[in-house]
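All remarks here apply to the structure that follows.
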Ligand code: ADP
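In my numbering, the protein residues as written are 24 to 296.
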């Protein structure tokens, strides 16, 4: 709390009153703290792969003549993996910053889910095939289109399906199920993977929160995927929920407005907010 005291005069020359102005800066302080913590996290996340990088480069420099070609190959592959992770981290950070509400404008249009989800599946063909994971897409005939920015929506479902792949055993199936729900459409990404403990579950939407840092890092995770999902869904005035049982699997439910539900007669997509 900041208190400013200003002397006041009821008669000229007689300062017989004091005006007290109280500023509650709790929220301001909290934002500052959050910002500091975020920067500390970013630095840590950048420093870790860079120091691993430097270590391996030293190994190559000092011992390149003595190292077997397979060993050199192995080190180069590690370096490639860490450089990919670093660029993913930078991309995720840029995405988060572009999603700040004051900078963000959504370009909404009617999105047809059957077509959209098949495209996501085909874009993720490589990681799906690598783990022999199939996606079952379960949609009813009469599903309304959704009112969303297709580019941002892609980011949501890439993140969710990539997580489902990443945290599932090879061969374990993924299901995407959508149903109309009042003026909304509910879309669920359901996996039968490792699941998340009740202790960690409330935190997974926080930036940089990872249940198993090593596993996530090894797999190229940044801990930013679900915060990006949350931010994008919020911007659409939708909701995202997660349910999980360790050892059984995880279901992420995204609720987004159906197209016809929010379109006033005669309005064009550009008029939406
Ligand atoms: P990451 O880049 O680490 O995947 P996310 O923000 O996408 O970051 O997810 C945060 C954490 O939540 C992950 O590190 C993981 O521990 C957990 N998580 C997310 N999705 C799943 C899932 N489908 N199954 C199990 N754990 C998950």
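Virtual Cβ for every residue (Gly too), placed ideally from N, Cα, C.
Member of the options whose CA lies at the smallest distance from the CA of residue i
i	options	result
residue 176	160, 88, 135 and 39	135
residue 170	24, 49, 281 and 247	281
residue 49	231, 210, 25 and 144	25
residue 106	93, 127, 123 and 80	80
residue 155	142, 248, 195 and 43	195
residue 142	117, 127, 108 and 181	181
residue 272	221, 278 and 246	221
residue 149	184, 246 and 121	184
residue 172	130, 139, 204 and 193	130
residue 163	137, 144 and 78	137
residue 94	83, 239 and 104	83
residue 68	53, 223, 110 and 51	110
residue 262	179, 75 and 34	179
residue 186	128, 223 and 245	245
residue 193	153, 227 and 205	153
residue 73	103, 92 and 97	103
residue 47	34, 31, 27 and 128	27
residue 237	71, 128, 228 and 76	71
residue 139	128, 36 and 174	174
residue 76	228, 99 and 223	99
Beta carbon of residue i nearer than 8 Å to that of residue j
i	j	result
residue 225	residue 168	no
residue 213	residue 267	no
residue 216	residue 191	yes
residue 247	residue 146	no
residue 254	residue 112	no
residue 265	residue 275	yes
residue 243	residue 108	yes
residue 277	residue 210	yes
residue 279	residue 207	yes
residue 233	residue 239	yes
residue 258	residue 122	yes
residue 151	residue 188	yes
Residue i - partner residues in DSSP beta bridges
i	result
residue 211	200 and 276
residue 37	34
residue 300	Nothing can be reported for residue 300: it is not among the residues displayed for the chain, which extend from 24 to 296.
residue 26	45
residue 133	170
residue 264	276
residue 159	198
residue 281	169
heavy atom of the ligand GTP below 7 Å from residue i C-beta
i	result
residue 250	As presented, the structure is devoid of the ligand GTP, carrying the ligand ADP as its sole ligands.
Under 8 Å, with one C-beta from each stretch per pair, do the region 78-98 and the region 47-59 reach the 3-pair mark? Contact between the region 78-98 and the region 47-59 is absent: fewer than three C-beta pairs spanning the two stretches fall below 8 Å.
Are three or more beta carbon pairs between the region 159-170 and the region 194-201 nearer than 8 Å? Touching, per the Cβ criterion.
Counting pairs of Cβ atoms below 8 Å between the region 63-75 and the region 37-47, do you hit three or more? Because the criterion of three Cβ pairs below 8 Å is not met, the region 63-75 and the region 37-47 do not touch.
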